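**Student:** Here you go, one structure.
In our numbering, the protein residues as written are 2 to 270.
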């Protein structure tokens, strides 16, 4: 994997060709992926609170391992989804994750959801399609981290390419516009907080016209009915390991807000 990354960097430095970089970036996801942690079933006690944790495109539950560890340190039970997304249709991915989430939350008394990138769309789609959970008093808070709720301009650039074709229906559904996966999901009346990154990448910046995390624009992460919103100087990939992101996620899970009222500023929105 190190050799592949090195080749990509050499191509980008030598030819200054961002189209080649974008193509290699998708190819890297196709060739590598992540190892699954293959975690066992979650056992619950009466006062336990569960967090269903969803990873992003081309990843596995391994990608959220550090995040899961921090949630467990805060005394949450964690059920990490592990689903295939590259080469998969939207229907297939939603079917996979629907079954996994149902197994996760069985017998849980309080259920929170945290999703990074595509994982946030998986969570929104699950709640839309499962009204019993949506309307249950067991449903807690939801945090979406770098989620392309309105699609990604980078996906627009790759749209129609052979790489996006073999990447599958889910990848193709991450374009912006009416056909974007995020725009086909209802905005539900739930306690949802949104975290957006503002640390852009020089390699993808030309595809964006506004603040972004290298893959998703800040505007794309926003929902009309979000209860809270915050931007942090972190990249899309870095969100999974960033202590500020983790702390603000914990704050929202515990209180329904990223910051206490006394710490709020006008720069949050």
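Ideal placement from N, C-alpha and C gives every residue a C-beta, glycine not left out.
Keep in mind the model is a prediction, meaning the values are calculated, not measured.
#1: Can you tell me the Cα-Cα spacing of residue 108 and residue 116, whole angstroms?
#2: Tell me the residue span of the alpha helix (DSSP H) that contains residue 121.
#3: Quick check: what's the CA-CA separation for residue 97 versus residue 83?
#4: According to DSSP, simplified to helix, strand and coil, what is residue 191?
#5: Return the residue from the list 129, 139, 202, 114 that minimises the CA-CA distance to residue 81.
#6: So, residue 182 versus residue 91, is the Cβ gap smaller than 8 Å?
#7: Can you give, in chain order, each stretch of the alpha helix (DSSP H) that sits fully within the segment 174-250 and has at least 4 residues?
#8: How many Å lie between residue 227 and residue 237 at the Cα?
#9: Here's a check: name, in chain order, each residue in its chain whose Cβ is nearer than 6 Å to the Cβ of residue 170, leaving out the five neighbours to either side.
#10: Have a look at residue 144 and residue 164 and give me their C-alpha separation to the nearest angstrom.
**Tutor:** In this structure, then:
#1: As a first step, residue 108 is located in the chain shown; it is residue number 107 there, counting from the start. As a first step, residue 116 is located in the chain shown; it is residue number 115 there, counting from the start. C-alpha separation (whole angstroms): 21 Å.
#2: Along the chain shown, read from residue 1 onward, the residue named residue 121 stands at position 120. Start and end: 119-130.
#3: The count along the chain shown starts at 1 and reaches residue 97 at position 96. The count along the chain shown starts at 1 and reaches residue 83 at position 82. So the alpha carbons of these two residues sit roughly 9 Å apart.
#4: As a working note, residue 191 is residue 190 in the chain shown. Looking at residue 191 - three-state DSSP - the assignment turns out to be coil, as it is neither helix nor strand.
#5: Counted from its first residue, the chain shown places residue 81 at position 80. Nearest C-alpha to residue 81: 114.
#6: The sequence position of residue 182 within the chain shown is 181, counting from 1. The sequence position of residue 91 within the chain shown is 90, counting from 1. Yes, they are a contact pair.
#7: 219-222
#8: As a working note, residue 227 is residue 226 in the chain shown. As a working note, residue 237 is residue 236 in the chain shown. Spanning the two alpha carbons is a distance of roughly 20 Å.
#9: What you label residue 170 is simply residue 169 of the chain shown in a count that begins at 1. Around residue 170: 90, 91.
#10: Translated into the one-based positions of the chain shown, residue 144 becomes position 143. Translated into the one-based positions of the chain shown, residue 164 becomes position 163. Each residue's Cα considered, the two are about 30 Å apart.
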